[in-house]
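Scroll down for the structure; my scribbles are underneath it.
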Amino acid sequence: MRIAAGRGNYSPFRLGEMASSVFLTSLWLMNDTALVDPFGRRIEYVRVSVTDRCDLRCFYCMPRGFRDFEEPEHWLSFDEIERVMAAFARLGTRRIRLTGGEPLVRQNLPDLAARLSALPGVEDISLSTNATRLAKSAEALYAGGVRRINVSLDSLKPEVFRDITAGKLEKVLAGLMAAKQAGFRPIKINMVVMGGVNDDEVGDMVDFCLEHGFTLRFIETMPMGETGREAAGHFVDLRRVKERLADRFELIPGMMPGGGPARYVRVAGTDLHIGFITPISQHFCETCNRVRLSVDGTIYTCLGNEHKLELRPRLRAGCSESDLEAAILEAIALKPERHEFRERPEKVVRFMSMTGG
Ligand code: SAM
Ligand code: SF4
Numbered sequence: 002m003r004i005a006a007g008r009g010n011y012s013p014f015r016l017g018e019m020a021s022s023v024f025l026t027s028l029w030l031m032n033d034t035a036l037v038d039p040f041g042r043r044i045e046y047v048r049v050s051v052t053d054r055c056d057l058r059c060f061y062c063m064p065r066g067f068r069d070f071e072e073p074e075h076w077l078s079f080d081e082i083e084r085v086m087a088a089f090a091r092l093g094t095r096r097i098r099l100t101g102g103e104p105l106v107r108q109n110l111p112d113l114a115a116r117l118s119a120l121p122g123v124e125d126i127s128l129s130t131n132a133t134r135l136a137k138s139a140e141a142l143y144a145g146g147v148r149r150i151n152v153s154l155d156s157l158k159p160e161v162f163r164d165i166t167a168g169k170l171e172k173v174l175a176g177l178m179a180a181k182q183a184g185f186r187p188i189k190i191n192m193v194v195m196g197g198v199n200d201d202e203v204g205d206m207v208d209f210c211l212e213h214g215f216t217l218r219f220i221e222t223m224p225m226g227e228t229g230r231e232a233a234g235h236f237v238d239l240r241r242v243k244e245r246l247a248d249r250f251e252l253i254p255g256m257m258p259g260g261g262p263a264r265y266v267r268v269a270g271t272d273l274h275i276g277f278i279t280p281i282s283q284h285f286c287e288t289c290n291r292v293r294l295s296v297d298g299t300i301y302t303c304l305g306n307e308h309k310l311e312l313r314p315r316l317r318a319g320c321s322e323s324d325l326e327a328a329i330l331e332a333i334a335l336k337p338e339r340h341e342f343r344e345r346p347e348k349v350v351r352f353m354s355m356t357g358g
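For the sequence shown, my numbering begins at 2 and goes up steadily by one.
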């Protein structure tokens, strides 16, 4: 039996009340506890932001000089994150991605990974990172149960990389090589393609990934916060990128495990998979299977909407396990059908690093 968080004539608030009712509580205790949102999408993946801070300043993500970060007393502790994720896992979540901000600026991240990978029901722990600190922690993360890693890398030219991120390319490359050495598979490179910035490097990035056995994903800029909207001026429709690649490579349909939004092709005669993440040109909301937990304990149900539920006040007021599960169901019932990045780009005021990318 699947538990749908609701649909039909009910408002989200009414559905929230229903979700916390004794009736639903008793249903969760009865075995199959899949989280299903009001549009029938099964939510089995949570992206956990462990910090909104970052040691880089990618101009499309975080404004240069930005320092208005969440206060440390508002960060969920590792105990609190573990408790929330244990509740998600009891309700059917199987996969967790650690992200941020830059997750590796939070102290002792491998310890958190180990705690989460030991939770009953959790099958997969992955990490999104800029890799500047990965060389130091790759082995500990692997030992903590992380197996899949996504690394942001927008340029292979040190000056262009610095212009985009205000950081040093060499550290990222060292982190990537350490990850390869430690045994992570797959290692996915995420490249935000921007016209007049790095779109001339698409072919070089393919060669780089072929050489190192990485998977490559291209991403369209999203209008997240003011910085994201400014970067949207560099928007490149990835369908054009795919056409350009098809002139040079034979591309055949591909598949990658991970349940993400990318649509994959494979370069014929190689193992290289190339994914296209196209939130603007071809949105993929109908298959969205995720929610996000921010560093301050807020569940965001959509990257492009403000629908959210704050767990921290409930956690710190001493809520019970069943209260916590009810709150999670309440949040899932708030998940909207789709983002409106194209129709209403002004809508999202949070930067990507605040929500957890
Ligand atoms: N710091 C880590 C990293 O860079 O991979 C994890 C967090 S970062 C917010 C996650 C992903 O969001 C990165 O791949 C980044 O390129 C992407 N991102 C951030 N802002 C974006 C925007 N406005 N449009 C598209 N992608 C964005
Ligand atoms: Fe930091 Fe990642 Fe945002 Fe770049 S994309 S500023 S690395 S959080």
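From the three backbone atoms N, C-alpha and C, an ideal C-beta is built for every residue, glycine too.
DSSP places Pro-254 in the uninterrupted beta strand (DSSP E) bounded by 252–254. DSSP places Ser-127 within a strand segment (E or B) once states are collapsed to three.
Rounded to whole angstroms, the separation of the alpha carbons of Phe-40 and Pro-104 is 31 Å.
A heavy atom of the ligand SF4 is found nearer than 7 Å to the CB of Thr-166.
Between Phe-219 and Val-242, the C-beta gap is smaller than 8 Å, which places the two residues in contact. Per DSSP, the continuous beta strand (DSSP E) segment holding Thr-216 begins and ends at 216–220. Approximately 5 Å separates the beta-carbon atoms of Leu-239 and Phe-277; this is inside 8 Å, confirming the contact. DSSP, read as helix, strand or coil, puts Phe-89 in helix. As for any beta strand (DSSP E) of minimum length 3 sitting wholly inside the stretch 300–331, the runs are 309–311, ordered along the chain.
When Arg-313, Gln-283, Lys-309 are compared, the shortest CA-CA separation from Asp-297 is found for Arg-313. About 6 Å separates the beta carbons of Gly-168 and Thr-133, which is inside the 8 Å limit, making them a contact pair. In the structure shown, the three-state DSSP call for Val-198 is coil. In the DSSP assignment, His-274 is bridged to Arg-267.
If you draw a straight line from the Cα of Pro-187 to the Cα of Gly-261, it comes to about 13 Å.
For Glu-311, the distance from the CB to the nearest heavy atom of the ligand SF4 is not below 7 Å.
The beta carbon of Thr-288 sits closer than 8 Å to those of Arg-42, Pro-262, all from its chain and outside the five residues before and after it, given in chain order. If you draw a 10 Å sphere on the C-beta of Asp-272, you find fewer than 16 other C-beta atoms in it, and that means exposed. Distance from Thr-302 to His-308 at the Cβ level is roughly 5 Å; contact confirmed, criterion being Cβ atoms closer than 8 Å. Its Cα nearest to that of Ala-35, the residue Arg-291 stands out among Arg-339, Leu-316, Arg-291. Under DSSP, Tyr-46 forms a beta bridge with Arg-96, Arg-291. Set against 7 Å, the gap from the CB of Ser-153 to the closest heavy atom of the ligand SF4 is smaller. Shortest gap from the CB of Gly-102 to any heavy atom of the ligand SAM: under 7 Å. The residues Thr-222, Ala-232, His-235, Val-237, in chain order, have a CB closer than 7 Å to that of Met-195 in the same chain once the five nearest residues on each side in sequence are set aside. With 16 or more other CB atoms across the displayed protein chains lying within 10 angstroms of its CB, Glu-45 is buried. The nearest non-hydrogen atom of the ligand SF4 is 7 Å or more from the C-beta of Arg-98.
Closest by C-alpha distance to Ser-156, out of Glu-202, Asp-112, Pro-111, is Glu-202. Here Gly-226 is buried, its C-beta having at least 16 other C-beta atoms within 10 Å.
In this structure, Tyr-61 has its CB closer than 7 Å to one or more heavy atoms of the ligand SAM.
When distances are taken from the beta-carbon of Asn-131 to the heavy atoms of the ligand SF4, the shortest one is below 7 Å. Contact annotation: Val-106 and Thr-166 have beta-carbon atoms that are not nearer than 8 Å.
Scanning its chain for C-beta atoms nearer than 6 Å, with the 5 sequence neighbours on each side dropped, one finds around Ser-153 the residues Asn-131, Asn-191, in chain order. Following the DSSP letters along the chain, one finds Arg-148 inside the beta strand (DSSP E) bounded by residues 147–153.
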